[in-house]
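Residue numbers (the numbering used here): 1198 to 1303.
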């Protein structure tokens, strides 16, 4: 598994919501983190990533959705651990170098 790497994505041709026309002179940048998953890559904006932490073993209660792996501890909080692969219809695979991305959604 490859290490996550930082990418800067440049968005050009931002559409004006009021005019509905493209404004190609305006340039916006977004710094993100490209995360290698088992069968694809996931690009998250840096502002959404609170921390990368070591994988923690956990178990969900019987009857939980396949994408819910169970609760984990992070900074004295209990957070739900979700599998992006399983949420997209794939299989959850945990490799030896697996990491958890704590995502900020506020």
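Every residue gets a Cβ at the ideal spot worked out from N, C-alpha and C, and that includes glycine.
Distances from the alpha-carbon of residue 1299 to those of 1290, 1285, 1271 put 1271 closest. As DSSP reads the structure, residue 1251 sits in a beta bridge with 1296.
Residue 1282 and residue 1289 do touch by the CB rule: their CB atoms are close to 6 Å apart, below 8 Å.
Contact between residue 1228 and residue 1243 holds: CB atoms are separated by about 5 Å, below the 8 Å threshold.
Rounded to whole angstroms, the separation of the alpha carbons of residue 1238 and residue 1269 is 23 Å.
In its chain, beyond the 5 residues on either side, 1264 have a beta carbon closer than 7 Å to the beta carbon of residue 1284.
Rounded to the nearest angstrom, the gap between the Cα atoms of residue 1254 and residue 1295 is 11 Å.
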